[in-house]
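4 protein chains.
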Amino acid sequence: MTNSIKNSAVLLIHCPDKPGIVVAITDFIHKNDGNILYLDQHVDTERGVFFMRIEWDLSKFVIQREKIAEYFDTLVGSRYQMTSQLHFSDTKLRMALFVSKLPHCFYDLLARYECGELNVEIPVIISNHDDLKHVADRLGIDFHCIEISGENKQQQEEKQKELLVKHGIDFIVLARYMQVLSDGFVKAYPQRIINIHHSFLPAFPGGRPYHSAFERGVKIIGATSHYVTAELDAGPIIEQDVVHVSHKDTVDDMVRIGRDLEKIVLARAVRHHVHNDLLVYENRTVVFE
Amino acid sequence: MTNSIKNSAVLLIHCPDKPGIVVAITDFIHKNDGNILYLDQHVDTERGVFFMRIEWDLSKFVIQREKIAEYFDTLVGSRYQMTSQLHFSDTKLRMALFVSKLPHCFYDLLARYECGELNVEIPVIISNHDDLKHVADRLGIDFHCIEISGENKQQQEEKQKELLVKHGIDFIVLARYMQVLSDGFVKAYPQRIINIHHSFLPAFPGGRPYHSAFERGVKIIGATSHYVTAELDAGPIIEQDVVHVSHKDTVDDMVRIGRDLEKIVLARAVRHHVHNDLLVYENRTVVFE
Amino acid sequence: MTNSIKNSAVLLIHCPDKPGIVVAITDFIHKNDGNILYLDQHVDTERGVFFMRIEWDLSKFVIQREKIAEYFDTLVGSRYQMTSQLHFSDTKLRMALFVSKLPHCFYDLLARYECGELNVEIPVIISNHDDLKHVADRLGIDFHCIEISGENKQQQEEKQKELLVKHGIDFIVLARYMQVLSDGFVKAYPQRIINIHHSFLPAFPGGRPYHSAFERGVKIIGATSHYVTAELDAGPIIEQDVVHVSHKDTVDDMVRIGRDLEKIVLARAVRHHVHNDLLVYENRTVVFE
Amino acid sequence: MTNSIKNSAVLLIHCPDKPGIVVAITDFIHKNDGNILYLDQHVDTERGVFFMRIEWDLSKFVIQREKIAEYFDTLVGSRYQMTSQLHFSDTKLRMALFVSKLPHCFYDLLARYECGELNVEIPVIISNHDDLKHVADRLGIDFHCIEISGENKQQQEEKQKELLVKHGIDFIVLARYMQVLSDGFVKAYPQRIINIHHSFLPAFPGGRPYHSAFERGVKIIGATSHYVTAELDAGPIIEQDVVHVSHKDTVDDMVRIGRDLEKIVLARAVRHHVHNDLLVYENRTVVFE
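Here it is in structure tokens:
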């Protein structure tokens, strides 16, 4: 689906499943002169949880933007114990890009940014090396080289956080950033840090997954984009894809073939995040599309 | 999604898009004590057409089954110029299987039938050869060999139609049935005849698509399941899938590789049809899943 | 590739890589009036190992079938420390089918057998239940129900082995056979027992992989066919494939969707084994195709 | 496979199939102290044509580079009516990039170029618009805007050819270049112009394939890279890939989804061309990999 209407609101909702939820929500929007553009609903029957993404045109909606969340919670949400997020489609999220030396995901995201494919602002790039500074420079994006060692991690992460706050960052994309973020850092950005891991998780978490894939003799390799949580490579999976390999492919071949996979799987995750298509519930994502 | 509740109703709807449709439909169900199980909605913004599949639990629904269609049309459908179909999930559709000599799709569907994978009754198998009669016999399915030649087609199709009527057939599956059905026959079963074509349509319609694929040197081959319409291989596409081939693959290899594709693409289409997941609009299918 | 010539020999070779190997082998065949039909060669540069599959027409070959292995080893193999296997394309391998209650792979292989797709003989089917006896009966295949419990395993495996010997079995296919074979049993059939596991190994080995996949929230599920070794689900991988799933798919949906994958991935592995396309080296397969 | 050895030669050969060809070729290399690195051979049994790609280490080869082609033709090639091409792995091909306004393939190839993924030199970029000049400028690549209209085509193509000659261009990549090249131009670069078409050819040749795909209601869209020949979108196919779409996807969605496909399918084709993996025979490619 494409979002052609600029002045729309998106509600992402989950709550215990009960009869009447769909009517309650759609009625709230309709009675207040909102025109429903998209409605996607799903019930996890095993857990008894109701999920919905609903988007509506705000042009004739009688409730003011800043009052919608309050009205919805009072009139609908609280009755059904809903957890909800409200987004507006004309908001441009501010994204920070973290990168190390491997440039393929970094180039790919910046090319999409430059072409206008990604509906975000990228005010700042943070790296533990300065190899890619020239790329940031030519696009006029603020670049900070913040080297990380075993000793200075906490202190350097403080510097990173200051930059994120200064630039009003909404979410972070780790474009093959080769450092593990501390728990404290991760908790400051819940479901707002997207990582790309170069294996089909849960196979081959941690370092050197292509080497492990080669050793195990698998016939497919994969890439996984996920939200970062405290446990390494164990956060909610957003997107995965795979490609076939053969006995002829060396580790170097897998690295090469995997690059295209990583680029696309990361870009799709960023798109879903930006389009407010994602809900997380018990370490699983609901991806409305 | 799985249909675990047996006593449910499914409405498939399309109509000109307008504000208020979702509310009108969900309100009708909710007010009459139907519990909505699934709701999938889609707007074709280019054509301005609204599509919906909605399924609800009938166990407490206050309107009797045989009255639902009438009440819905009167109270909701007519106001929005809706075209709708009503189905009940406990209805077992009656399917006729047409086959020639190639057995792979035939065996595959019958194995699914025997395992209980397909929620249908197959009371009759019709073929223009008697090669596969023994398979029908051992499953106790009525088998009719009706040979077709250029001269006797009309007359033989009459015999086929009599069998279909006699067995109360709801829909027909052509499991590599190597005869073109006449326009008259096709029109008698609109959106109720499913064919499998061994190419990724619209590439290579008509006969010998694997030969044509080989000649053209394509790197992928495909299979397409579609509803049969008067124009050959031009009906609404239900499912498609492909597989990679290489210069090493001969026409015979493509035939072999394609068999697995044909089996799966046809079986998926049958499943969608049986589960009332399909709407056709202007020669395109809407596949709710 | 298709094997159209019936009177051909296949050599599968591996040895330490050195200059001159290709010439030595092809020269041996050519000088003795063998016409090379297929040659596929591969060097694992990391391990320094040379692999080859070579097939040649025997119709004018001057060395008698029963002498080829001896002549080859003496004149070529021993000089290069080759490990080689010799097969003849007109040999029909004898395959035993092991099954429990889940019938989809079982039906699929038997349908391929009945259609003549698999170039094997299946003289015997062994199960720990008698649910599928009627299917064996109607095809006239010997069926033995050998129930396994914790106590009687060794004794029952002896019965199985007797049957395998009696029927002159070359290799065994576990078509969702829900018992773990003992080490002793496995060692009696090295690289001659093919299993299908319903996950993309090494993710989700052991029992209930679809449940684990659901819990982890993966976006793809897979199937893996492999040779059985002493360590559970850790043998050399022959074939893998995957299919995309979404948050909408329940465990039951994954089970259903996975069935088609399991069928195809197992059938491809059987085909490779039968066509002598497989070499195993350090727990990895070389699949010549 | 990866090409780690820099000082190697590659022979691409096709000829009428006969016994003894493999031995003749490998013997020629081995006797002259060349170490065979890769050998891939294929027989098109329908046409009776033998194909081979063979690569060998030149470090001890006794025949000088500039003499290899002559010696090979005299001693081997002419006896078997071979058509052969000789390449050296340390030659860096010179590639011209043609582009219009759509930037995704253009950015993607340049990012690969900048990362060192493509083993080529790109001395010149030619466009019929100047929109992307700034991207060429920042990489220091010569950029020429040569506008094409109905009247000036011949004259403008002359300018293009002059630039190609001046820059010593070996092959041309059309990265969504929206102009049809004249027959004369195409004939000047046989099997040296690579195009990306945004459909799975032969479906939807010509303009606006995503619109046609939407109209036809296909469930997969594709991209095809091919050598350009006189007939539009009918040249030998090098690579194809597809992605699933649904009824929810508008033409704009297909355009967006297709971009990633186009990028990858074009990049793979360029890689194959650069690695001398491609042979063309009767409008079909043999892709050695």
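Residue numbers (this note's numbering), protein chains in the order written: chain A, 1 to 289; chain B, 290 to 578; chain C, 579 to 867; chain D, 868 to 1156.
Every residue gets a Cβ at the ideal spot worked out from N, C-alpha and C, and that includes glycine.
Computed from a predicted structure; not experimentally measured.
{"Item": "Rounded straight-line distance, which links the Cα of residue 1109(D) to that of residue 506(B)", "Value": "16 Å"}
{"Item": "Partner residues on chain B for residue 842(C), Cβ-Cβ distance less than 8 Å", "Value": "549, 553"}
{"Item": "Residue 1043(D) to residue 173(A) span [Cα, whole Å]", "Value": "29 Å"}
{"Item": "Same chain, Cβ closer than 8 Å to residue 543(B), five either side skipped, listed in chain order", "Value": "499, 502, 503, 510, 534"}
{"Item": "Cβ-based neighbour list, residue 972(D), same chain, cut-off 7 Å, excluding 5 preceding and 5 following", "Value": "1042, 1043, 1063, 1129, 1130, 1133"}
{"Item": "Whole-Å CB distance - residue 7(A) paired with residue 86(A), under 8 Å assumed", "Value": "That belief does not hold up - the Cβ atoms of residue 7(A) and residue 86(A) are roughly 14 Å apart, past 8 Å."}
{"Item": "Opening and closing residue of the alpha helix (DSSP H) in which residue 1120(D) lies", "Value": "1118-1141"}
{"Item": "Where the segment 621-654 of chain C meets chain B: residues whose CB sits under 9 Å from a CB there", "Value": "none"}
{"Item": "Through-space distance from residue 815(C) to residue 860(C), alpha-carbon basis", "Value": "11 Å"}
{"Item": "Residue 779(C) and residue 807(C) closer than 7 Å at C-beta", "Value": "no"}
{"Item": "Beta-carbon contacts of residue 1155(D) that lie in its chain and below 6 Å, excluding the five residues immediately before and after", "Value": "907, 920, 1144"}
{"Item": "Simplified DSSP state of residue 579(B), which is helix, strand or coil", "Value": "Chain B is shown only over 290 to 578; residue 579(B) falls outside these bounds and no answer can be derived."}
{"Item": "Sufficient close CB pairs (3 or more, under 8 Å) joining the segment 602-613 of chain C to the segment 683-696 of chain C", "Value": "no"}
{"Item": "Nearest residue (CA-CA) to residue 991(D), options 1037(D), 1014(D), 916(D), 982(D)", "Value": "1037(D)"}
{"Item": "Proximity test, Cβ basis, 7 Å: residue 219(A) and chain C", "Value": "yes"}
{"Item": "Reduced DSSP category for residue 819(C) - H, G, I as helix; E, B as strand; rest coil", "Value": "strand"}
{"Item": "Residue from 70(A), 17(A), 247(A), 185(A) with nearest C-alpha to residue 28(A)", "Value": "70(A)"}
{"Item": "CA-to-CA distance, residue 286(A) to residue 268(A), given in whole angstroms", "Value": "14 Å"}
{"Item": "Closest Cα partner of residue 392(B) within the set 548(B), 564(B), 480(B), 300(B)", "Value": "548(B)"}
{"Item": "Identity of the residue in 474(B), 469(B), 370(B) nearest residue 389(B) by Cα", "Value": "469(B)"}
{"Item": "Classification of residue 47(A) by the beta-carbon crowding that lies within 10 angstroms, buried from 16 upward", "Value": "exposed"}
{"Item": "Contact list for residue 1070(D) against chain B, beta-carbon separation under 8 Å", "Value": "489, 490, 491, 492"}
{"Item": "Rounded straight-line distance, which links the Cα of residue 13(A) to that of residue 66(A)", "Value": "18 Å"}
{"Item": "Below-7 Å beta-carbon distance, residue 856(C) vs any chain B residue", "Value": "no"}
{"Item": "Among 1101(D), 1056(D), 922(D), 1140(D), nearest to residue 1070(D) - alpha-carbon criterion", "Value": "1101(D)"}
{"Item": "Spatially closest choice to residue 19(A) from 350(B), 308(B), 339(B), by CA coordinates", "Value": "350(B)"}
{"Item": "Residue range of the alpha helix (DSSP H) that includes residue 600(C)", "Value": "599-609"}
{"Item": "Continuous beta strand (DSSP E) stretch holding residue 423(B): start and end", "Value": "First-last for residue 423(B): 422-428, but that is the alpha helix (DSSP H), not the beta strand (DSSP E)."}
{"Item": "Proximal residues to residue 10(A) (C-beta, below 6 Å), its chain only, five neighbours per side dropped", "Value": "55, 87, 276"}
{"Item": "7 Å Cβ cutoff met for residue 23(A) and residue 315(B)", "Value": "yes"}
{"Item": "Whether residue 1013(D) touches residue 1022(D) by CB criterion (7 Å)", "Value": "no"}
{"Item": "Assigned exposure category for residue 538(B) - 16 Cβ within 10 Å defines buried", "Value": "buried"}
{"Item": "Closer than 7 Å to chain A by CB, residue 428(B)", "Value": "no"}
{"Item": "Environment of residue 401(B) [buried if 16+ CB atoms lie within 10 Å]", "Value": "buried"}
{"Item": "Beta-carbon proximity of residue 93(A) to residue 120(A), cut-off 7 Å", "Value": "yes"}
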